[in-house]
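Notes follow the structure.
There are 2 protein chains.
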Amino acid sequence: MTIPKGYRNWQTVAVSQRDDKDSLRVILGNDIAMKAYRSNTLPFPDGAVLVKPSWKRVKSAEFDNTFVPGGLMWVDFMVKNSKKYASTGGWGFGRFIEGKPADEKVHATCFPCHQVNVKDHDFVFTRYAP
Amino acid sequence: MTIPKGYRNWQTVAVSQRDDKDSLRVILGNDIAMKAYRSNTLPFPDGAVLVKPSWKRVKSAEFDNTFVPGGLMWVDFMVKNSKKYASTGGWGFGRFIEGKPADEKVHATCFPCHQVNVKDHDFVFTRYAP
Chain W
949 MTIPKGYRNW QTVAVSQRDD KDSLRVILGN DIAMKAYRSN TLPFPDGAVL VKPSWKRVKS
1009 AEFDNTFVPG GLMWVDFMVK NSKKYASTGG WGFGRFIEGK PADEKVHATC FPCHQVNVKD
1069 HDFVFTRYAP
Chain L
949 MTIPKGYRNW QTVAVSQRDD KDSLRVILGN DIAMKAYRSN TLPFPDGAVL VKPSWKRVKS
1009 AEFDNTFVPG GLMWVDFMVK NSKKYASTGG WGFGRFIEGK PADEKVHATC FPCHQVNVKD
1069 HDFVFTRYAP
């Protein structure tokens, strides 16, 4: 797998914050994914790609009670290809740290968690934020 | 002022979290704003628009330690027009709550805070998240 080109220019599905990782994230989608979200289409069609850059959560130096992105921790993504990834709900999962793929052990943890928690949403946690 | 059309399709500058408002936000920019960010151009050129939807921060029902967008609280934006808004650093400020502009008292609080805290960044708090 390679990081999808130009993902930083994609549209926003939603944002999230994770306390245990002390991170702030944005979830971006390619055109196929955004169209599916906006038309409430499930399962996502083949070709849909979601990408989630996770930044360290840091205190704003300029405004109280506010947290902003620090350094980029990693970039996760999910690619829908119902044949290629049939054994993992039709999704391929990837994590890149400093531009390089994480090891296989990390990737092996992705699907089991999505499978247990969000099977009814085509294995995708993120909902579209209006 | 009216809400800029199609802003939800704009690219992402960064995200933020505010504890005192218990909110998660994304900061989006139109093409002029994104080009300025990516080329480190300050001040922002006329025509740059930044928009910030703020959602209620709610616990994910599906994953521990994780917070996601709840309802949309309001949408803030800044429009650069150095002549029209000369008295407020070249920026016009707007907040919309359920599609309707907030009252004048709310708007009067925008610039003073930006002026005090981020004068050296053309009155804009948000930095581009890589």
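Chains W and L are the protein sequences, given in the same order. In terms of our numbering, the first sequence has 1034 at position 86, counting the first letter as 1, and numbering is strictly consecutive. In terms of our numbering, the second sequence has 1018 at position 70, counting the first letter as 1, and numbering is strictly consecutive. Where a beta carbon is used, it is the ideal one built from N, C-alpha and C, also for glycine.
Residue i burial status per 10 Å Cβ neighbour count (16 or more: buried)
i	result
Q965 (chain W)	buried
M949 (chain L)	exposed
T1057 (chain L)	exposed
I975 (chain W)	buried
K1053 (chain W)	exposed
G1019 (chain W)	exposed
A962 (chain W)	buried
D1024 (chain W)	buried
A1034 (chain L)	exposed
S1030 (chain L)	exposed
G1047 (chain L)	exposed
Short Cβ contact (8 Å threshold) for residue i with residue j
i	j	result
L990 (chain L)	M1026 (chain L)	no
G1040 (chain L)	Q1063 (chain L)	no
W1022 (chain W)	R1043 (chain W)	yes
S1008 (chain W)	R973 (chain W)	no
K1028 (chain W)	P993 (chain W)	yes
E1010 (chain W)	N1065 (chain L)	yes
Test: residue i CB closer than 8 Å to a CB of chain L
i	result
F1011 (chain W)	yes
W1003 (chain W)	yes
V1082 (chain W)	Lying outside 949 to 1078, the shown extent of chain W, residue 1082 (chain W) is not represented and no answer is given.
F1073 (chain W)	yes
C-beta neighbour in chain W for residue i, strict 8 Å
i	result
F1044 (chain L)	no
T989 (chain L)	no
D968 (chain L)	yes
N978 (chain L)	no
T1014 (chain L)	yes
F1025 (chain L)	no
Partners in chain W for residue i, counting only beta-carbon separations shorter than 7 Å
i	result
P1017 (chain L)	A962, V963, A1077
Partners in chain L for residue i, counting only beta-carbon separations shorter than 9 Å
i	result
L1020 (chain W)	A1077, P1078
Contact list for residue i against chain L, beta-carbon separation under 7 Å
i	result
Q959 (chain W)	N957
Neighbouring residues, chain W, relative to residue i (Cβ below 8 Å)
i	result
V1066 (chain L)	E1010
Exercise. Would you say the segment 1011–1029 of chain W touches the segment 998–1008 of chain L, given that touching needs at least three Cβ pairs under 8 Å?
Worked result: no
Exercise. Is the segment 981–988 of chain W close to the segment 954–964 of chain W, with three or more CB pairs under 8 Å?
Worked result: yes
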